[in-house]
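A.B. asks: Okay, here's the structure, questions in a sec.
2 protein chains.
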Amino acid sequence: MRTVERESAQGPDGRVVPRAARQRTRPGLKEVAERAGVGVSSVSRVLTGHPEVSEVMRNRVMDAVAAIRYEPDLLAQSMRTGATMTIGFVVSDISNPLISEIALGAELRLREAGYSMMVTNSLNKPEVEADYIALLTRRRVDGLMLSITDETSEMMDAAVRRFDSAVVLVDRHVAGADYAAVNCDHAHGITEAFDHLVSLGHTRIGMVNGSPNVRPSRERAAALRRATRGSGTLSTVIRSAGFTPAHGYDATMKMMAGKDAPTAIIAGSNQILIGVLRALRGLGLSIPGDVSLVTCDAVPLADFLDPPLSTIARVPREMGRMAAELLLEQLAGEEPRTVMLPTQFVATLSCGPAADTHER
Amino acid sequence: MRTVERESAQGPDGRVVPRAARQRTRPGLKEVAERAGVGVSSVSRVLTGHPEVSEVMRNRVMDAVAAIRYEPDLLAQSMRTGATMTIGFVVSDISNPLISEIALGAELRLREAGYSMMVTNSLNKPEVEADYIALLTRRRVDGLMLSITDETSEMMDAAVRRFDSAVVLVDRHVAGADYAAVNCDHAHGITEAFDHLVSLGHTRIGMVNGSPNVRPSRERAAALRRATRGSGTLSTVIRSAGFTPAHGYDATMKMMAGKDAPTAIIAGSNQILIGVLRALRGLGLSIPGDVSLVTCDAVPLADFLDPPLSTIARVPREMGRMAAELLLEQLAGEEPRTVMLPTQFVATLSCGPAADTHER
DNA sequence: TTGTACGCGTTATCAG
DNA sequence: CTGATAACGCGTACAA
Chain A
1 MRTVERESAQ GPDGRVVPRA ARQRTRPGLK EVAERAGVGV SSVSRVLTGH
51 PEVSEVMRNR VMDAVAAIRY EPDLLAQSMR TGATMTIGFV VSDISNPLIS
101 EIALGAELRL REAGYSMMVT NSLNKPEVEA DYIALLTRRR VDGLMLSITD
151 ETSEMMDAAV RRFDSAVVLV DRHVAGADYA AVNCDHAHGI TEAFDHLVSL
201 GHTRIGMVNG SPNVRPSRER AAALRRATRG SGTLSTVIRS AGFTPAHGYD
251 ATMKMMAGKD APTAIIAGSN QILIGVLRAL RGLGLSIPGD VSLVTCDAVP
301 LADFLDPPLS TIARVPREMG RMAAELLLEQ LAGEEPRTVM LPTQFVATLS
351 CGPAADTHER
Chain B
361 MRTVERESAQ GPDGRVVPRA ARQRTRPGLK EVAERAGVGV SSVSRVLTGH
411 PEVSEVMRNR VMDAVAAIRY EPDLLAQSMR TGATMTIGFV VSDISNPLIS
461 EIALGAELRL REAGYSMMVT NSLNKPEVEA DYIALLTRRR VDGLMLSITD
511 ETSEMMDAAV RRFDSAVVLV DRHVAGADYA AVNCDHAHGI TEAFDHLVSL
561 GHTRIGMVNG SPNVRPSRER AAALRRATRG SGTLSTVIRS AGFTPAHGYD
611 ATMKMMAGKD APTAIIAGSN QILIGVLRAL RGLGLSIPGD VSLVTCDAVP
661 LADFLDPPLS TIARVPREMG RMAAELLLEQ LAGEEPRTVM LPTQFVATLS
711 CGPAADTHER
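Right, dumping it as structure tokens:
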């Protein structure tokens, strides 16, 4: 049964400091060797599947292993082999459904390859991310998956440079580095949404965009600007800031207040969407009667919203799986590479004909 | 990048000692000691904050540490101290918003205490959970947070019994064990919802319940049965199965097909809810006109659904935080204990007066 | 107060 | 084919 160890102590800073050595030392190779009457190295050979072991030896060892209920110590194994079989995943907030889905995809693939995943949440603080990267480095994780808050953070950059193994960025780009990356084709989704809105008669389209310090926001804004470039009739208003409901709300209020308010809005994330919806509701604007709405990334129960939401979806599970894949490739000695995954625009009733703004 | 290679050295008996299997050249205590011109143990003492070290020694060491950019190897540290400062979190699916929120709460608290968190997804397969528990045991994690799929699984039970350190269950109960647990007061939420529905004239209430092999489902069903007990007019129909949209759909279809269809439904999870909504839509039933609806756990954008959904909410972030807390307590030597967290029923337009079933 | 030496559990080398 | 033994990097009795 569980033995409660009372010798532990509280450090001055409140951190729990467990007692030094574990009381009940579980059987090791040594015990197995004794039980089987062989040398420890033979036990190790059998367990690691070394080719040059006799049948008798194998049986003796396996019997002893079963009898003692021996389980290898992965810590010692890592110590010895240099591989921890652990991947660190640095994210802003695992409770973000997009991220948790990515995490799931990654973990499933990693498990297939025998790796475990360690998750850290920065809550959008670059310095925390840098700390975590350093921590994971000290933990000697074999690889790092990064979904960073701020691609331009120097602390983060320095920290990841000090990490000397496989790295993969998840829909991120850091200048002057050749990390592997899983990117999404935001331009495609934005362009499709744009075309759809234009076909409905919209001429001025607003975008409540996320932080410009991450790839998705930049790609989306660029794609939207590109779409209107050279057109005399089509225009755009883009407001970029944090991925928060507050930004969604404020940006929407400001956008809709002006004389040249857009007749359609693209929300840059599910968090931003919340604020956008609140603002529109507060202004008494109906969707799509007064303003059409598109949001980035899938929304749970989107079909049951009023009206159902048009979305530009990524494939988060696949993003995670692919990120893991790119990591495993590097760990297998291959060169880091970049993969582009699709986005898909799905139009619903939240996009309608452009309202005549003068009638309002 | 590791560029420096350490050459082979001469052993005490003149033999050539080969390089380590993996060529790591990150500086260790030894390098720091050499740079500072002191013994390795002195370096260790300084770094671990040993009280009996002179000022000069401390400075010499810290200077060398800074110069060499030494970072301690947490793996070796764990090897030596017996503590990995790592907690394993076994869940069915991190992409479930309830769970990812719990994970966030836990990770934030664990970080405060210097611990990292390792997440594993079983996708509701008890044998995978057992495997993971065994894996985390071999990894020698200091504690285990369990949000398991099936409390009655013997493989799981055996696996967790073989783990000999701190354990905390997250809204789970396994018979015959005294694990610490963070539980939620489901009875409270269900009772409130029930009373509200009854006050609206509902006499027959359906529950599309989750798996009976986990605490929340059992508590909810029990609370609902208790609420109708002794009443001649009030009745209940409960269907329990997996936490899936498919179950939500099937159960709803069957419930509503019978002659004594309920006029109100409680959905047992956000996944189940999806199926329930689809079924009601498929049947052409309106909410709350034909049937009132309550769902368990918060739904993103619940305010913007049509109609806004009544929910029985848990406090997932707090659940995670508290689970971490209970784990830390045990690691500090305290006895395992159980905490009860609240649930809250919030009524919205999705609950309305009972429809006269004969009019349909 | 500081340094030397040992051991945590494992794998890999090398000599039988 | 097998067994003894040196590391992996660190913390810590023990000796100086």
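Going down the list, the sequences are from chains A and B. Residue numbers for the first sequence follow the numbering used here, so the first one is 1 and each next one is one higher. Residue numbers for the second sequence follow the numbering used here, so the first one is 361 and each next one is one higher. Cβ coordinates follow ideal geometry from the N, Cα and C atoms, glycine included.
#1: Let me make sure I understand the geometry here. Which of Gln344(A), Val53(A), Ala324(A), Ala261(A) has the alpha-carbon closest to that of Thr203(A)?
#2: Looking at chain B, which residues of the stretch 251-281 of chain A have a Cβ within less than 9 Å of any of its Cβ atoms?
#3: From the DSSP output, in three-state form, read off Ser482(B) for me.
#4: Leaving out the 5 sequence neighbours to the left and right, which residues in its chain are closer than 7 Å to Ala473(B) when beta-carbon positions are compared?
#5: For Thr509(B), count the other beta carbons within 10 Å of its own beta carbon; 16 or more makes it buried, fewer makes it exposed. Which is it?
#6: In this structure, does DSSP put Asn543(B) in helix, strand or coil?
#7: So His247(A) packs on Gly275(A), CB below 8 Å; how close in whole Å?
#8: Which runs of the beta strand (DSSP E), 3 residues or longer, sit entirely within the stretch 283-349 of chain A?
#9: Per DSSP, which one or two residues make a beta bridge with Phe449(B)?
#10: Rounded to a whole number of angstroms, what is the C-alpha to C-alpha distance between Thr593(B) and Thr551(B)?
#11: Looking at the secondary structure, which residues open and close the alpha helix (DSSP H) in which Thr244(A) lies?
#12: Please identify the residue among Ala181(A), Arg317(A), Asp303(A) whose C-alpha is closest to the C-alpha of Thr311(A).
#13: Could you give the distance in angstroms between the alpha-carbon of Val392(B) and the alpha-carbon of Ile428(B)?
#14: According to DSSP, simplified to helix, strand and coil, what is Asn270(A)?
#15: Against chain B, with Cβ distances strictly below 8 Å, would Thr137(A) count as a contact?
#16: How would you label Thr152(A), buried or exposed, when you count the other beta carbons within 10 angstroms and need 16 or more for buried?
#17: Is it right to say Arg109(A) is buried, meaning 16 or more other beta carbons lie within 10 angstroms of its own, or is it exposed?
#18: Under the three-state reduction of DSSP, which class applies to Val527(B): helix, strand or coil?
#19: Let me know if Asp297(A) comes out buried or exposed under the rule of 16 or more other beta-carbons within 10 Å of its beta-carbon.
#20: DSSP beta-bridge partners for Ser235(A)?
#21: Using 8 Å as the limit for Cβ to Cβ distance, is Asp666(B) near chain A?
#22: At least one CB of chain A closer than 8 Å to the CB of Asn481(B): is that the case?
#23: So, with DSSP's three-state summary, where would you put Ala264(A)?
#24: What residues in its chain sit with their C-beta under 6 Å from that of Ser92(A), if we drop five residues either side in the sequence?
#25: So is Gly536(B) buried or exposed if we call it buried at 16+ other beta carbons inside 10 Å?
#26: Taking all protein chains shown into account, do 16 or more other C-beta atoms lie within 10 angstroms of the C-beta of Asp171(A), making it buried, or fewer, making it exposed?
#27: Quick one: give me the first and last residue of the alpha helix (DSSP H) that Arg386(B) is part of.
#28: I want to see whether chain A comes within less than 8 Å of Ile454(B), judged by CB atoms only; does it?
#29: Report the rounded CA-to-CA distance for Pro216(A) versus Cys184(A), giving the unit in angstroms.
#30: DSSP state of Asn213(A), grouped into three classes?
#31: Tell me whether Asn419(B) is buried or exposed, calling it buried when 16 or more other Cβ atoms sit within 10 Å of its Cβ.
#32: Just how far apart, CA to CA, sit Gly189(A) and Phe345(A)?
#33: Under 7 Å Cβ-Cβ, which residues of chain B neighbour Met79(A)?
#34: Among Asp306(A), Asp164(A), Met156(A), Ser165(A), which has the Cα closest to the Cα of Val174(A)?
#35: Give, in chain order, every residue of the stretch 410-433 of chain B whose Cβ lies closer than 7 Å to some Cβ of chain A.
#36: Can you list, in chain order, the residues of its chain whose CB lies under 6 Å from that of Val53(A), leaving out five sequence neighbours each side?
C.D. replies: To lay it out plainly:
#1: As a working mapping, residue 203(A) is identified with position 203 in the first sequence. Selected option, being the one with the closest Cα: Ala261(A).
#2: Answer in chain order: Asn270, Leu273, Ile274, Leu277, Arg278, Arg281.
#3: Position 122 of the second sequence, counting from 1, holds the residue named residue 482(B). In this structure, Ser482(B) counts as coil in the three-state DSSP scheme.
#4: Within the second sequence, numbered from 1, the residue matching residue 473(B) stands at position 113. These residues qualify, in order along the chain: Leu688.
#5: The residue labelled residue 509(B) in the question sits at position 149 within the second sequence. The residue in question, Thr509(B), is buried, as its Cβ has 16 or more Cβ neighbours within 10 Å.
#6: Numbered from 1 along the second sequence, position 183 holds the residue referred to as residue 543(B). Strand, per DSSP.
#7: For the purposes of this step, residue 247(A) is taken as the residue at position 247 of the first sequence. For the purposes of this step, residue 275(A) is taken as the residue at position 275 of the first sequence. Between Gly275(A) and His247(A) the Cβ distance is about 6 Å, and since that is below 8 Å, they are a contact.
#8: Secondary structure remark: continuous beta strand (DSSP E) runs of at least 3 residues inside the stretch 283-349 of chain A, in chain order: 292-296, 310-313, 338-341, 344-346.
#9: In the second sequence, the residue the question calls residue 449(B) occupies position 89. Here Phe449(B) is bridged, per DSSP, to Val479(B), Met505(B).
#10: Mapped onto the second sequence, residue 593(B) falls at position 233. Mapped onto the second sequence, residue 551(B) falls at position 191. Rounded to whole angstroms, Thr593(B) to Thr551(B) spans 17 Å at the Cα level.
#11: Mapped onto the first sequence, residue 244(A) falls at position 244. No residue range can be given for Thr244(A), since it is assigned to no alpha helix (DSSP H) and is classified by DSSP as neither H nor E.
#12: The residue labelled residue 311(A) in the question sits at position 311 within the first sequence. The shortest Cα separation from Thr311(A) among Ala181(A), Arg317(A), Asp303(A) belongs to Asp303(A).
#13: Locating residue 392(B) in the second sequence gives position 32, where the first residue counts as 1. Locating residue 428(B) in the second sequence gives position 68, where the first residue counts as 1. The straight-line gap from Cα to Cα measures roughly 7 Å.
#14: Translated into the one-based positions of the first sequence, residue 270(A) becomes position 270. Asn270(A): helix per DSSP, three-state reduction.
#15: Numbered from 1 along the first sequence, position 137 holds the residue referred to as residue 137(A). Yes, Thr137(A) lies at the interface with chain B (some Cβ there is under 8 Å from its Cβ).
#16: For the purposes of this step, residue 152(A) is identified with residue 152 of the first sequence, where counting begins at 1. With fewer than 16 neighbouring CB atoms inside 10 Å of its own CB, Thr152(A) falls in the exposed class.
#17: In the first sequence, residue 109(A) corresponds to position 109, counting from 1. Under a 10 Å Cβ-count criterion, Arg109(A) is classified as buried, with 16 or more other Cβ atoms of the shown protein chains found around its own Cβ.
#18: In the second sequence, the residue the question calls residue 527(B) occupies position 167. When secondary structure is reduced to three states using DSSP, Val527(B) falls in the strand class.
#19: Start at 1 with the first residue of the first sequence, and residue 297(A) comes out as number 297. When all chains shown are included, Asp297(A) counts as buried.
#20: Here the question's residue 235(A) lines up with position 235 in the first sequence. Beta-bridge pairing by DSSP links Ser235(A) to Arg204(A).
#21: What you label residue 666(B) is simply residue 306 of the second sequence in a count that begins at 1. Using a Cβ-Cβ cut-off of 8 Å, Asp666(B) counts as an interface residue toward chain A, since at least one Cβ of chain A sits closer than that to its own.
#22: Position 121 of the second sequence holds residue 481(B). Chain A contact via Cβ: present.
#23: As a working note, residue 264(A) is residue 264 in the first sequence. Annotated three-state conformation of Ala264(A) is strand, per DSSP.
#24: Numbered from 1 along the first sequence, position 92 holds the residue referred to as residue 92(A). Closer than 6 Å at Cβ, skipping near neighbours: Ser122, Asn124, Thr149.
#25: Numbered from its first residue, the second sequence carries residue 536(B) at position 176. Result: exposed.
#26: Position 171 of the first sequence, counting from 1, holds the residue named residue 171(A). Around the Cβ of Asp171(A), a 10 Å sphere holds 16 or more other Cβ atoms; the residue is buried.
#27: By one-based count along the second sequence, residue 386(B) stands at place 26. Run containing Arg386(B): none; DSSP gives neither H nor E here.
#28: Numbered from its first residue, the second sequence carries residue 454(B) at position 94. At least one chain A Cβ lies under 8 Å of Ile454(B).
#29: To locate residue 216(A), count along the first sequence from 1; it is residue 216. To locate residue 184(A), count along the first sequence from 1; it is residue 184. For the pair Pro216(A) and Cys184(A), the Cα-to-Cα distance works out to about 8 Å.
#30: By 1-based counting over the first sequence, the position of residue 213(A) is 213. In the structure shown, the three-state DSSP call for Asn213(A) is coil.
#31: Against the second sequence, residue 419(B) aligns to sequence position 59. Exposed, by the Cβ-count rule.
#32: Numbered from 1 along the first sequence, position 189 holds the residue referred to as residue 189(A). Numbered from 1 along the first sequence, position 345 holds the residue referred to as residue 345(A). Taking the straight line joining both Cα atoms gives about 5 Å.
#33: Reading the first sequence from its first residue, position 79 is the one you call residue 79(A). Neighbours of Met79(A) on chain B, chain order: Leu435, Ala436, Met439.
#34: Start at 1 with the first residue of the first sequence, and residue 174(A) comes out as number 174. The shortest Cα separation from Val174(A) among Asp306(A), Asp164(A), Met156(A), Ser165(A) belongs to Met156(A).
#35: If the cut-off is 7 Å between Cβ atoms, the stretch 410-433 of chain B has Glu431, Pro432, Asp433 near chain A.
#36: Here residue 53(A) is taken as the residue at index 53 of the first sequence, counted from 1. Excluding residues within five positions, the ones whose Cβ falls inside 6 Å are Arg45, Val46.
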